[in-house]
Amino acid sequence: MTRWGMVINLNKCIGCYACMLACKQEHFLPPGIFWGRVVVGEQGKFPAVRKLTYPVLCNHCEEAPCVDVCPTGASTKRADGVVVIDYDKCVGCRYCVMACPYQQRTFYSNEKREYFPGQGFTELEIIGKELYPLQRGTVVKCNFCKERLDSGQRRKLEPGKDREATPACVNACPAKARFFGDINDPTSEVSKLIAEKKATPLGPEFGTSPSVFYVMR
Amino acid sequence: MKAYEWMVKCTPQTEWIEKKGILLWLAFFFIELGAGAYLVGALFKSTAAMMAGWLFCGVLGGGLHLLYLGRPSRFYRMFARPQTSWISRGMTFVTLFLLLGFLDIILRWTSYETVILSLATMFLAFLVVIYGGFAMCCITGIPLWNTALIPILYVVSGLWGGVGVTLAFAIAQGDEQIMSGAERWTDLFLIGFVLLLITYLISLRYGSRAAKMSVQEIIRGSGKRVFWILIVLIGLGVPIVMASFHTASIPATLLYFTIACELAGDLGMRYVILKYGFYNPLIPSSI
Chain A
164 MTRWGMVINL
174 NKCIGCYACM
184 LACKQEHFLP
194 PGIFWGRVVV
204 GEQGKFPAVR
214 KLTYPVLCNH
224 CEEAPCVDVC
234 PTGASTKRAD
244 GVVVIDYDKC
254 VGCRYCVMAC
264 PYQQRTFYSN
274 EKREYFPGQG
284 FTELEIIGKE
294 LYPLQRGTVV
304 KCNFCKERLD
314 SGQRRKLEPG
324 KDREATPACV
334 NACPAKARFF
344 GDINDPTSEV
354 SKLIAEKKAT
364 PLGPEFGTSP
374 SVFYVMR
Chain B
563 MKAYEWMVKC
573 TPQTEWIEKK
583 GILLWLAFFF
593 IELGAGAYLV
603 GALFKSTAAM
613 MAGWLFCGVL
623 GGGLHLLYLG
633 RPSRFYRMFA
643 RPQTSWISRG
653 MTFVTLFLLL
663 GFLDIILRWT
673 SYETVILSLA
683 TMFLAFLVVI
693 YGGFAMCCIT
703 GIPLWNTALI
713 PILYVVSGLW
723 GGVGVTLAFA
733 IAQGDEQIMS
743 GAERWTDLFL
753 IGFVLLLITY
763 LISLRYGSRA
773 AKMSVQEIIR
783 GSGKRVFWIL
793 IVLIGLGVPI
803 VMASFHTASI
813 PATLLYFTIA
823 CELAGDLGMR
833 YVILKYGFYN
843 PLIPSSI
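Chains as they are written, first to last, in the numbering used here: chain A, 164 to 380; chain B, 563 to 849.
Here it is in structure tokens:
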């Protein structure tokens, strides 16, 4: 059974935020909503300081706590491993936001905000409300660009190889630090990377079995 | 918290305490206080306390919870997943409790009470008192909540508040039998609550980075005023001093004041637990 996953090579990541912006653009995300982020930390003391950049997103966990705690069944895990939210069922209790140890879910509040306050909505925001409407008062998160995955597979394209079937953040990375594929297929590029580079997920102690792996420095 | 500190340092939860989250804090308080008052009122055969408990739970607690939701008109969907979701279970417990509790109160009022209905409603009331604690303790990302002591702490505080409400009605009605019984229960719950709170805070100091930060913020950081003044001094100090006197010798006004102090302390405790629930950082860092 297919299990979509991602590998992020931290040795190649340059912290350019292209993935974050590509995701914003792909899903027409409103101000304050991020489905992918780049977390920047430091390690060591001056003068021996190292900068750490970690692109983070929903880990689409095998044992997703957000799916378990959802009282309405809005959060579900697809057969291919992608954790999705049915916005028509979400009641906005935010229990899933609390339950996620990675804090990768966001509540889309009822505040009406535009990117340029006082200047109205941009064309992108106007188009976004038609093409990719999010429901206020519900919880939103990364869905591994399921629309691209699904439409690409219908056209017999291969996610992770064919750009039209691959998540936007993977396509946008200029350093080719991100890889996408079936982690249940031992011959896939992601599976080989996980095995050869000993890639590990973030926060293994949470016991959620994430589908996003990192090749550590 | 600055944007570049998010999940690099220990990050506090905000959805269940900031902005509209205040409603959820109050909702949990009223739901558990109400169910506790109903349960204790039923044991002491105080219909007034039972009615007050029902109203606290259903009207105040339930109403505030619905107001908190992003899409309150879809609340009926929250019954869908009792097999895995504590919020779903809680909705079921609260709804059944309100329905059967209403019936039980009517039957008691008209002297047609049945033992089975009373027992069932009291059991449901207990489930309502405890479900909030379980809803929080299953959140592994927040070490302050992810402990078996949270449900016990919430049950004790919910029942202690319930005893307070029952005592308040007993004073108003001049029922000395209930006053005498409730006084003993109050003392027991006071001791239990103090011991639990101390054990809870001490045990967290041996936990993860986020757990230690939570305790530090509560006791010495930005939560210290709420902790030391509202919880310790007012919520525990006043009842401890009053416990050394017999209820019958204390003026009614002072008794009401003591009960109000207990409830304020309970509210403060729930506030600091929600406010200072920190997530561990996502990345290894020396910050």
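For each residue, glycine too, the CB sits at the ideal point set by N, CA and C.
- Item | Coarse secondary structure for methionine 169(A), derived from DSSP in three states | strand
- Message: Quick check on glycine 393(A) - is its C-beta less than 8 Å from some C-beta in chain B?
- Response: It is not possible to answer for residue 393(A), since the shown part of chain A is limited to 164 through 380.
- Query: On the three-state DSSP scale, how would you describe isoleucine 248(A)?
  - Reply: strand
- Message: Would leucine 721(B) and valine 621(B) be called neighbours here (beta carbons separated by less than 8 Å)?
- Response: no
- Mind checking the region 254 to 288 of chain A against chain B and listing, in chain order, the residues whose C-beta falls within less than 9 Å of any C-beta there? Val254, Gly255, Cys256, Arg257, Tyr258, Val260, Met261, Ala262, Cys263, Pro264, Tyr265, Gln266, Phe270, Tyr271, Ser272 and Asn273
- Task: Pull up the distance between the alpha-carbon of cysteine 699(B) and that of threonine 165(A), whole angstroms please.
- Result: 33 Å
- Task: List the residues of chain A that tryptophan 578(B) touches, going by C-beta distances under 8 Å, in chain order.
- Result: Arg257 and Met261
- Message: Quick check for students: name the residue ranges of the beta strand (DSSP E) that lie wholly in the region 258 to 330 of chain A, counting only runs of 3 or more.
- Response: 269 to 271 and 301 to 303
- Query: Which parts of the region 626 to 683 of chain B are runs of the alpha helix (DSSP H), unbroken and 4 residues or longer, counting only runs that do not cross its ends?
  - Reply: 648 to 671
- Figure out for me which residue from Ala227(A), Pro234(A), Gln206(A) and Lys355(A) has the closest Cα to the Cα of arginine 380(A). Gln206(A)
- Which residues does DSSP pair with leucine 816(B) in a beta bridge? Paired residues: none, contrary to the question.
- Who are the neighbours of tyrosine 217(A) on chain B, taking C-beta pairs under 8 Å? Leu844 and Ile845
- Task: Closer than 8 Å by C-beta to isoleucine 714(B): which residues in its own chain qualify, once you throw out the five before and the five after it? Chain order, please.
- Result: Gly695 and Leu758
- To the nearest angstrom, report how far apart glycine 244(A) and valine 353(A) are at their CA atoms. 15 Å
- Message: Quick check on the DSSP output: what are the complete beta strand (DSSP E) runs of length 3 or more inside the region 325 to 368 of chain A, in order along the chain?
- Response: 341 to 345
- What's the gap between the Cα of tyrosine 716(B) and the Cα of leucine 173(A)? 43 Å
- Query: DSSP state of glutamate 205(A), grouped into three classes?
  - Reply: strand
- Query: Going along the chain, which residues of the region 612 to 638 of chain B sit with their C-beta nearer than 7 Å to a C-beta in chain A?
  - Reply: Leu631, Gly632, Arg633, Arg636 and Phe637
- Task: Express the C-alpha separation of glutamate 359(A) and glutamine 778(B) in angstroms, rounding to a whole number.
- Result: 42 Å
- Going by the CB atoms, is the gap between cysteine 176(A) and alanine 335(A) shorter than 8 Å? no
- Query: Do we get a CB-CB distance below 8 Å when we pair arginine 643(B) with the residues of chain A?
  - Reply: yes
- Message: Taking beta-carbon pairs under 8 Å, can you tell me which members of the region 646 to 677 of chain B lie near chain C?
- Response: Given the protein chain composition of this structure (A and B), no chain C is represented.
- From valine 333(A) to serine 372(A), what does the alpha carbon distance come to, in whole angstroms? 21 Å
- Message: Please report the straight-line C-alpha distance between valine 656(B) and histidine 808(B), rounded to a whole angstrom.
- Response: 36 Å
- Task: Mind checking which residues open and close the beta strand (DSSP E) that includes serine 765(B)?
- Result: Careful: serine 765(B) lies outside any beta strand (DSSP E), inside the alpha helix (DSSP H) at 738 to 766.
- Item | Residue of Leu665(B), Thr573(B), Tyr693(B) and Thr820(B) minimising C-alpha distance to methionine 261(A) | Thr573(B)
- Looking at C-beta atoms only, is the number of pairs between the region 624 to 642 of chain B and the region 682 to 695 of chain B that lie closer than 8 Å three or more? no
- In chain B, which residues lie less than 7 Å from valine 170(A) when you measure between Cβ atoms? Simply none; closest approach about 17 Å.
- Kindly say whether isoleucine 849(B), judged by its beta-carbon, lies nearer than 8 Å to any beta-carbon of chain A. Residue placement at isoleucine 849(B) is flagged as unreliable, the pLDDT there being 46, under the threshold of 50; a coordinate-derived value is accordingly withheld.
- Task: Check each residue of the region 183 to 208 of chain A: if its Cβ is closer than 9 Å to any Cβ of chain B, include it; give the result in chain order.
- Result: Arg200, Val202, Val203, Gly204, Glu205, Gln206, Gly207 and Lys208
- Task: Measure the C-alpha to C-alpha separation of serine 144(A) and serine 272(A) and round it to an integer number of angstroms.
- Result: Absent from the structure is residue 144(A), since the part of chain A shown begins at 164 and ends at 380.
- Task: Counting only the same chain and skipping the five closest in sequence on each side, list residues whose C-beta sits under 6 Å from that of aspartate 828(B).
- Result: Ser719 and Gly723
- Query: Is the Cβ-Cβ distance between threonine 748(B) and alanine 599(B) less than 8 Å?
  - Reply: no
- Of all the alpha helix (DSSP H) runs that stay within the bounds of the region 783 to 807 of chain B, which reach a length of 4 or more residues? 800 to 805
- Message: Distance check for leucine 665(B) and valine 788(B), CA to CA, integer angstroms please.
- Response: 39 Å
- Message: Using 8 Å as the threshold, is the C-beta distance between glycine 255(A) and leucine 631(B) below it?
- Response: yes
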